[in-house]
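Just below is one structure, and these are the notes that go with it.
Protein chains: 2
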Amino acid sequence: MIKGTVAELLNSDKILQEVHVKGWVRTFRSNRFIALNDGSTIHNIQCVVDFENMNESTLKKIATGAAISVTGTLVESQGKGQKVEIQVTKLEVLGESNPEEYPIQPKRHSLEFLRENAHLRIRTNTFSSVMRVRSALSFAVHKYFTENGFYNFHAPIITGSDAEGAGEMFHVSTFDPKNVPTNENGEVDYSKDFFGKETNLTVSGQLEAETYAMALGKVYTFGPTFRAENSNTTRHLAEFWMIEPEVAFNDLDANMDLGEDFIKSVIKDVLTNCKDDIEFLENRLLQEEKSKPQIERSEMALIEKLNFVIDNNFKRVSYTEAIDILRNSKPNKKKKFQFPINEWGADLQSEHERFLVEKHFKCPVILFDYPANIKAFYMRLNEDGKTVRAMDILFPGIGEIVGGSQREERLDVLKDKIDALGIDEKELWWYLDTRKFGTAVHSGFGLGFERLVQFVTGMGNIRDVIPYPRTPQNAEF
Amino acid sequence: MIKGTVAELLNSDKILQEVHVKGWVRTFRSNRFIALNDGSTIHNIQCVVDFENMNESTLKKIATGAAISVTGTLVESQGKGQKVEIQVTKLEVLGESNPEEYPIQPKRHSLEFLRENAHLRIRTNTFSSVMRVRSALSFAVHKYFTENGFYNFHAPIITGSDAEGAGEMFHVSTFDPKNVPTNENGEVDYSKDFFGKETNLTVSGQLEAETYAMALGKVYTFGPTFRAENSNTTRHLAEFWMIEPEVAFNDLDANMDLGEDFIKSVIKDVLTNCKDDIEFLENRLLQEEKSKPQIERSEMALIEKLNFVIDNNFKRVSYTEAIDILRNSKPNKKKKFQFPINEWGADLQSEHERFLVEKHFKCPVILFDYPANIKAFYMRLNEDGKTVRAMDILFPGIGEIVGGSQREERLDVLKDKIDALGIDEKELWWYLDTRKFGTAVHSGFGLGFERLVQFVTGMGNIRDVIPYPRTPQNAEF
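Keeping their order, the protein sequence lines are chains C and P. Numbering-wise (the working numbering), the first sequence opens with residue 88 and increments by one. Numbering-wise (the working numbering), the second sequence opens with residue 88 and increments by one.
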């Protein structure tokens with residue numbers, strides 16, 4: 088007897104042999120045809136039941152969601168839609184699923200409803216596809232970096248350093264909140280907390296990754312990061328996974344090359360390895376968009392869009408050029424932008440990024456050399472004294488997917504910037520040490536993994552591409 | 088001109104060609120021989136300087152820790168210890184390193200000193216080897232599961248569920264600790280906190296992983312987990328990375344098979360891919376143990392020990408058998424155990440585990456079928472009504488490296504156990520749903536990644552196998 092997963096049996100040529108498979112019933116129709124799925128593929132295997140010779144009570148228990156064990160003969164299918172099916176000789180119901188109570192019925196459920204049942208939504212076609220693609224993308228990330236000589240670096244999650252300044256942070260503590268110790272000045276006495284100091288959840292592993300790049304050469308992080316921002320949007324999570332490569336001796340050009348090559352490679356990888364799931368998601372998206380007005384529909388179908396990204400160079404544009412384009416653009420002149428672009432130095436908003444990517448260039452865009460005062464302290468100051476070697480990669484429909492920079496490697500310049508921000512140098516003694524001892528040009532970037540998953544799966548809401556999303560007022564499960 | 092890493096050039100056959108490499112000076116002797124390292128390998132490439140024709144001020148800056156850029160001719164080496172070296176034609180000092188100030192000098196530093204300089208210890212042979220092996224092990228984990236049909240599942244880090252009970256937890260909050268809102272009863276008003284409820288850092292992704300296994304079949308987590316325990320030992324961290332596979336339809340035997348096969352596979356993988364680093368670490372350990380009394384030294388050298396694990400079956404022993412062995416053991420009879428074993432039901436301590444593994448069986452041991460009352464509520468009750476289908480894998484020198492179980496799949500039994508513990512069923516509604524709808528036998532385990540890294544690298548202290556360890560009173564960097 089051949090034991091296999093649904094994926095293995097569907098691709099098998101063991102016709103007329105006895106096979107065994109376990110899984111969950113997706114549908115059961117005409118008391119005869121079970122569509123069985125075990126998560127190994129988007130496709131179900133059809134199991135044909137001889138209901139006339141089956142125990143009535145067993146037959147009754149075959150319902151959507153039930154776990155069953157099937158033994159039978161693999162035969163060529165007479166029906167459409169599948170090459171092979173199983174003529175069932177033995178069927179056991181392992182776990183029932185009462186149709187009156189089971190929330191996931193074989194019909195279209197709203198994404199909102201499924202979010203409230205995040206522990207069961209993975210049993211739908213859409214979410215099993217999304218999460219298989221997420222998993223494949225995750226492996227593609229590790230594979231890309233490993234094959235290119237990078238070392239995986241596990242950045243600390245709990246951090247005593249709050250100097251990165253990328254956003255609001257979550258406090259981590261073992262204090263009893265009703266009884267927080269204070270010192271004689273009435274200040275919280277963090278020396279009595281678990282770590283003996285104030286600690287938070289990391290917003291980025293970059294600064295620590297830099298210390299490792301300055302010894303191992305090429306490193307990357309891939310771990311959870313956190314923002315305690317009250318952003319209830321389709322693009323923000325309080326807890327998300329970030330990928331941050333950091334490379335010694337790379338300048339900004341090399342950094343842009345890395346970002347572009349990395350994104351193209353991992354997308355190519357999942358297009359090959361998740362063909363069935365991505366085809367399913369493409370169709371899902373087409374269906375979803377049918378209900379939208381023409382103007383809001385995607386110009387390209389999902390796979391076409393992914394191939395477009397792989398096949399075309401990302402357009403590299405300086406911030407200064409971008410400002411010129413935006414200032415002279417129709418929406419700016421017609422005052423259609425919520426934030427009009429009047430002068431150099433303006434921070435770009437989502438509407439501007441989308442105009443550049445979706446209307447003007449119609450391809451992924453890398454913006455670089457931003458004004459120093461709208462970017463982080465660790466970015467390398469250009470010779471003009473007013474711009475820094477920053478770069479953002481902007482994607483259609485997603486906006487910023489990557490933010491990176493060449494890092495300021497000059498100790499004196501870095502110290503001046505830290506001082507100007509009022510950060511205590513002692514807070515960053517270890518970071519400054521990397522510039523004091525054997526400093527060198529180096530660069531890196533951060534890529535929000537969920538935005539990449541959104542792009543590849545075509546899912547509109549970031550809460551639908553992570554198993555259990557954390558957002559303001561929501562930490563269910 | 089050939090640009091390459093040190094690893095590439097050392098393995099290159101491009102003799103007499105012009106090469107270019109950047110890295111950090113490990114040593115500089117006789118004003119002539121630079122040992123250059125760039126993190127790509129444990130080995131340095133020797134760069135031979137023609138000091139008589141070199142700018143004196145440049146020459147002075149070539150010091151341990153300095154970043155340099157070297158161009159020269161790759162030639163066969165005259166000296167011992169390397170096949171090729173670079174005859175330098177051009178050398179640029181990118182970043183100096185003042186020998187008076189640089190903490191990492193070419194001599195043996197204590198591990199304690201290096202822990203205080205965790206941002207620089209990665210520039211030593213020992214830590215660069217450990218972290219390269221850690222990275223390779225990490226990739227081996229992802230590769231193993233991917234090749235065996237598992238999906239990577241990102242478990243939530245911030246959790247609103249505290250029912251797992253694996254240990255003390257860290258609170259996550261955005262409350263101002265000096266001003267925590269309370270309700271009319273004087274209780275903390277968590278509805279005003281970021282997530283609208285009390286939240287903690289996860290101690291395990293298992294319960295959530297089970298929900299995914301019951302749809303995707305085979306899943307695994309690999310992410311950070313947290314214990315707010317005041318354990319200042321060489322085996323405990325407050326923040327550590329855990330691997331948790333969970334497989335639908337696997338019983339405990341299949342779970343043991345998976346655990347054993349997984350560990351053997353990843354060790355085999357890094358023995359092949361990190362040969363140089365592991366050889367270096369084996370020698371380091373031999374040196375370290377020379378200063379120990381004979382009785383405390385390892386019986387096997389590192390590589391021999393790793394091969395022993397790969398080549399031998401793990402001994403599978405029931406808890407009941409283990410208790411018999413322990414009760415009748417010499418140390419028990421001679422009252423050498425701190426916790427004497429008198430009767431069935433005793434919780435096994437580290438001393439007992441070590442006796443079984445290191446003295447009695449002299450190989451990795453899998454203990455199974457533990458008393459129900461010393462194990463977690465979700466483990467499957469055996470027919471005897473007093474033991475559960477738990478298993479721990481015990482390793483020499485490390486103790487417990489894996490803890491797992493077949494999960495209780497019967498809704499009524501699980502509810503009884505939850506009720507007996509006084510846990511509110513509503514807290515676990517989503518977990519219970521997996522038993523309510525399509526339940527099936529399933530199993531999984533948790534493996535502490537750092538303990539695996541300790542075993543493979545031979546490092547005695549867990550703080551030395553993670554980049555920035557978090558322990559009581561310590562969250563530096």
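Ideal placement from N, C-alpha and C gives every residue a C-beta, glycine not left out. Computed from a predicted structure; not experimentally measured.
In this structure, Leu368 (chain P) places its C-beta atom within 7 Å of the C-beta atom of Thr544 (chain P).
The continuous stretches of alpha helix (DSSP H) do not include Lys402 (chain P), which lies in the beta strand (DSSP E) extending over residues Lys402 to Ser405. When secondary structure is reduced to three states using DSSP, Met343 (chain P) falls in the helix class. Residue ranges of uninterrupted beta strand (DSSP E) with 3 or more members, entirely inside the segment 226-311 of chain C and ordered along the chain, are 258-260 and 286-288. The C-beta distance from Phe532 (chain C) to Gly490 (chain C) rounds to 6 Å, short enough to fall under 8 Å. In the three-state reduction of the DSSP assignment, Thr211 (chain C) falls in the coil class. Between the C-alpha atoms of Trp431 (chain C) and Lys351 (chain C) there is a straight-line separation of about 32 Å. For the pair Leu508 (chain P) and Phe464 (chain P), the CB atoms are nearer than the 7 Å cut-off.
Here Met329 (chain C) carries a strand assignment [DSSP, helix/strand/coil].
The beta carbon of Glu347 (chain P) does not come within 7 Å of any beta carbon belonging to chain C, so the residue lies off that interface.
Secondary structure note for Val180 (chain P): its beta strand (DSSP E) is the uninterrupted segment Val171 to Gly182. In this structure the segment 513-522 of chain C does not lie against the segment 181-196 of chain C, because fewer than three pairs of beta carbons, one per stretch, are closer than 8 Å. Collapsing the DSSP output to three states places Met218 (chain P) in a helix.
Identification of residues in the segment 310-323 of chain C having a C-beta nearer than 9 Å to some C-beta of chain P yields Gly310, Pro311, Phe313, Ala315 and Asn317, given in sequence order.
For Asn239 (chain C) against Phe309 (chain C), the beta-carbon gap comes to about 7 Å, under 8 Å, which counts as contact. Proximity of chain P to Gly525 (chain C) at the Cβ level (cut-off 7 Å) is accounted for by Trp111, Gly152, Ala153, Ala154, Gly182 and Ser184, in chain order.
In chain order, Leu288, Thr289, Gly310 and Pro311 place their CB closer than 8 Å to the CB of Ile244 (chain P), counting only its own chain and leaving out the 5 sequence neighbours on each side. Take Ser405 (chain C), set aside five residues on each side of it, and the residues of its chain with a beta-carbon closer than 8 Å to its own are Leu454, Phe455 and Asp456, in chain order. At a C-beta separation below 8 Å, Asn561 (chain C) has these neighbours in chain P: Phe282 and Gly283. Distance between His439 (chain C) and Phe482 (chain C), taken at the CA atoms: about 12 Å.
Residues of the segment 216-247 of chain C that bring their beta carbon within less than 9 Å of a beta carbon in chain P comprise Met218, Arg219, Arg221, Ser222, Ala223, Ser225, Phe226, His229, Lys230, Phe232, Thr233, Gly236, Phe237, Tyr238, Asn239, Phe240, His241, Ala242, Pro243, Ile244, Ile245, Thr246 and Gly247, in sequence order. DSSP, read as helix, strand or coil, puts Tyr457 (chain P) in strand. Interface flag for Gly126 (chain P) against chain C is set, since a Cβ pair is found closer than 7 Å.
In its chain, beyond the 5 residues on either side, Glu105 and His107 have a beta carbon closer than 6 Å to the beta carbon of Met88 (chain P).
Note on Lys109 (chain P): 16 or more other CB atoms within 10 angstroms of its CB, so buried under the neighbour-count rule.
Glu297 (chain C) is a Cβ neighbour of Glu333 (chain C), given a cutoff of 7 Å.
If the five residues before and after Val357 (chain C) are omitted, its C-beta is found closer than 8 Å to the C-beta atoms of Val220, Ala223, Leu224, Ala227, Ile365 and Val543, all from its own chain and listed in chain order. Between the alpha carbons of Tyr277 (chain P) and Gln165 (chain C) lies a gap of roughly 59 Å. Non-local C-beta neighbours of Glu496 (chain C) in its own chain, meaning closer than 8 Å and more than five positions away in sequence, comprise Arg467, Arg522, Thr526, Ala527, Val528 and His529, ordered along the chain. What Trp517 (chain P) touches in chain C, judged by beta-carbon distance under 7 Å, is His206 and Phe564, going in chain order. Beta-bridge partners of Ala223 (chain C) (DSSP): none assigned. The beta carbons of Ile488 (chain C) and Gly535 (chain C) sit about 7 Å from each other, so the pair counts as a contact at 8 Å. Here the alpha carbons of Ile191 (chain C) and Arg210 (chain C) stand approximately 8 Å from one another. Annotation for Asp280 (chain P): Ser260, Thr261 and Phe262 place their beta carbon closer than 7 Å to its own, counting only its chain and skipping 5 residues before and after.
Residues of chain P with a Cβ closer than 8 Å to the Cβ of Asp520 (chain C) are, in chain order, His206 and Leu207. A contact is defined here as three or more CB-CB pairs under 8 Å, and the segment 142-151 of chain P fails this definition with respect to the segment 123-130 of chain P.
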